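Asker: Residue numbers (the numbering used here): 2 to 485. Got a structure for you, questions after.
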Amino acid sequence: MASKSRQLHIVFLPQLAHGILIPTVDMARLCARHGVKVTIATTPLNAHLFAKTIQRDRESGFEISTYIIKFPSAEVGLPEGCENASSLTSQEMQTKFLKAANLFQQPLEQLLAELRPDCLVAGMMFTWATDVASKFGIPRLVFHGTSCFSISILDSVIRHAPYKKIATDFEFFDVPGLPDQIKMTKMQLPDFIKEEEGSERRKMLNEALESERTSFGVIVNSFYELEPAYREHYSKVMGKKAWQVGPVSLCNKDSEDKAERGNVASIDRHECLRWLASKKPNSVLYICFGSLSRFSAAQLNEMAKGLEASGQNFIWVVRKVNDEDKEEWLPEGFEERMEGKGLIIRGWAPQVLILDHDAVGGFMTHCGWNSTLESITAGVPMVTWPLQAEQFFNEKLIVDVLKIGVCTGAKEWSRWADDTKIIVTSEDIERAVTQLMVGEEGEKMRNRTRELKDMARRVVEEGGSSYSDLNALLDELRLNCLPK
Ligand code: UDP
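Following this line, the structure appears as structure tokens:
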């Protein structure tokens, strides 16, 4: 009788930021559903964010568990409890945070020695992960928190430095060598790209890219049909294998999973659903800027005025630069006037649950990749307001390539919020919101997004491209990593 083949065991080491942690946990759960034994290695506070979800999966019989690594706050001079990028408020803190990530190498080696898994999936910030994996004779995969489209732009901008040939900050240049004509300005590029080669951050970026280049391949939370030319471009130009397995958020089927995804929501899910149920289909604008962005009181005040002037129903998730601030940023009498029309969530919103509701007809977003893909997956077109990371790249995909979004006109990449600055005026907010929520143009975008939604839901089902990519990846790992 043939012996039963050994089960594949994958260790996931997600980056310590919601934007990567959340989809990595979804990815890990998907693998567990495909018969893989899964261990997620993370710090206590980050583990807490998805503990209940993992518990439910375990009760359903899936082999998924968490391995705790202590966060070295004291060693790098960060306050206790600062274990996630969402707690960082300055460049200085970020530099310490990245140093802390470097200290994960030793505990990860201990984990690999103890558990002897067959494969390591690690985020880009762990620049040494490929070397550590090879020390243990196992492959390392990179889990990308973004699309092939964005990775391709980043590669082109680093490779060809087209911004160096441009005299002014706001002049457009073509990003060379891409399947579409994509135009950008220097101000839309992440500041670390524009730094000199020898700078600390450039060195780290180069190390991360090298570690990706020597890895087994990359897992991308996107799907082939959304960006076919860019998947091919990625493999051709970067010469690496990419598996597109998304949208991974679709592994959250019931409302409990959706509501608790990534954090404890600051609003009761039933209350939120009741409020949405009282609104007509496509009549609510959802506004959220991800897990990292904070706005100045002046900008929030401007946003409130723009929203009120647009006359639309809204759910607005608010995070301020300074949490201690009183509510002085609200225009006088705003909440009373918006009673029944607007719902403000201070803190964490059950985003996927909200986007999936029929009442939601538009999403004002910072174009974080998860938010972008979740919006597409829910068939909701967007009002775009990129801030940092690769969000200006994502905006190009949304507005210029897929044509499912309206720009607010945000022009400048900036990681840290300014206490006073107004980036987008109330007039621009009103214009963009009205364009999307009212009239023919918005309706056309909504129809295009619905087609993408149907596609997104098909690709994760048996026979779909993402389903097949995930199976192909796991088959390849079984073939390469398990004893014959
Ligand atoms: N998110 C959420 N509720 C919030 C804020 C964010 O559920 O109030 C989730 C959102 O659904 C997404 C992730 O957090 O999955 C944010 O990732 P994204 O890439 O959009 O932005 P980032 O936080 O990385 O800037």
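The beta-carbon is built from N, C-alpha and C at its ideal position, and this holds for glycine as well. Please read all numbers here as calculations on a predicted model, not as lab measurements.
1) To the nearest angstrom, report how far apart glycine 199 and leucine 206 are at their CA atoms.
2) Excluding five sequence neighbours on each side, which residues of the same chain lie with their C-beta closer than 8 angstroms to the C-beta of lysine 413?
3) Taking 7 angstroms as the cut-off, decide whether the C-beta atoms of lysine 166 and phenylalanine 173 are in contact.
4) Would you check if the distance between the CB atom of lysine 259 and the CB atom of valine 361 is smaller than 7 angstroms?
5) Taking lysine 454 as part of the alpha helix (DSSP H), name the residues at either end of that continuous run.
6) Could you tell me which residues DSSP pairs with methionine 383 in its beta bridges?
7) Name the DSSP bridge partner or partners of asparagine 314?
8) How long is the line joining the alpha carbons of lysine 397 and glutamate 441, rounded to whole angstroms?
9) Is any non-hydrogen atom of the ligand UDP found closer than 6 angstroms to the C-beta of leucine 155, if you look at the structure I gave you?
10) Out of Thr67, Ala390, Asn47 and Leu22, point me to the one whose CA is closest to threonine 40's CA.
11) Going along the chain, which unbroken runs of the beta strand (DSSP E) with 3 or more residues stay wholly within the stretch 73–123?
12) Could you check where the alpha helix (DSSP H) with valine 56 kicks off and where it finishes?
13) Please tell me whether serine 427 and lysine 306 are closer than 7 angstroms, where the distance is taken between their beta carbons.
14) For valine 158, does the count of other Cβ atoms within 10 angstroms reach 16, so buried, or fall short, so exposed?
15) Return the Cβ separation of leucine 14 and glycine 124 in integer angstroms, given the expectation that the two are a contact with Cβ distance under 8 angstroms.
16) How far does the alpha helix (DSSP H) with leucine 398 in it extend, from its first residue to its last?
17) Below 8 angstroms CB to CB, which residues in the same chain sit around leucine 274 once its five sequence neighbours on both sides are set aside?
18) CB-CB under 6 angstroms to alanine 310, same chain, minus the five flanking residues each way: which ones, in chain order?
19) Report buried or exposed for methionine 2, applying the criterion of at least 16 other Cβ atoms within 10 angstroms of its Cβ.
20) State yes or no: is the C-beta of leucine 142 nearer than 6 angstroms to some heavy atom of the ligand UDP?
21) Across the stretch 137–157 and the stretch 104–122, are there enough close Cβ pairs to call them in contact, namely three or more that are closer than 8 angstroms?
22) Classify glutamine 107 as buried or exposed, calling it buried when 16 or more other Cβ atoms lie within 10 Å of its own Cβ.
23) Given that a residue counts as buried once 16 or more other Cβ atoms are within 10 Å of its Cβ, and exposed if not, what is proline 177?
24) Between glutamine 300 and the ligand UDP, is there a pair consisting of the residue's CB and a ligand heavy atom that are separated by less than 6 angstroms?
25) Which whole-angstrom value is the C-beta distance of serine 151 and tryptophan 370, which I expect to be below 8 angstroms?
26) Can you name, in chain order, every residue of its own chain whose Cβ lies under 6 angstroms from the Cβ of valine 37, other than the five neighbours on each side?
27) Within the continuous alpha helix (DSSP H) that includes aspartate 470, where are the two ends?
28) Between which two residues does the alpha helix (DSSP H) containing glutamine 436 stretch?
29) Rounded to whole angstroms, what is the Cα-Cα separation between proline 24 and lysine 195?
30) In angstroms, rounded to a whole number, what distance separates the CA positions of arginine 7 and leucine 22?
31) Kindly confirm or deny that the stretch 393–412 and the stretch 69–89 touch, where touching means at least three C-beta pairs closer than 8 angstroms.
32) Out of curiosity, what's the CA-to-CA distance linking serine 294 and leucine 388?
33) If we count the other Cβ atoms within 10 Å of its Cβ and call it buried at 16 or more, is glutamine 92 buried or exposed?
34) How is the beta strand (DSSP E) around valine 12 delimited, first residue to last?
35) With which residues is alanine 243 paired in a DSSP beta bridge?
Answerer: Taking the structure as given:
1) 11 angstroms
2) Looking at the sequence shown, residue 413 is not lysine but glutamate. Taken in chain order, the residues that qualify are Met188, Gln189 and Ile424.
3) no
4) no
5) 441–460
6) Phe364 and Gly406
7) Val285
8) 22 angstroms
9) no
10) Thr67
11) 120–123
12) A quick correction: the sequence has glutamine, not valine, at residue 56. First-last of the alpha helix (DSSP H) with glutamine 56: 45–60.
13) yes
14) buried
15) 7 angstroms
16) Where leucine 398 is concerned, there is no enclosing alpha helix (DSSP H), given that its DSSP letter is neither H nor E.
17) Ser256, Leu354 and His358
18) Glu431
19) Annotation note: pLDDT 41 at methionine 2 (below 50); position unreliable, coordinate value reported separately. Flag for methionine 2 reads exposed.
20) no
21) yes
22) exposed
23) exposed
24) no
25) 7 angstroms
26) Leu9 and Ile11
27) 466–482
28) 427–438
29) 28 angstroms
30) 28 angstroms
31) no
32) 8 angstroms
33) exposed
34) 10–14
35) Val219
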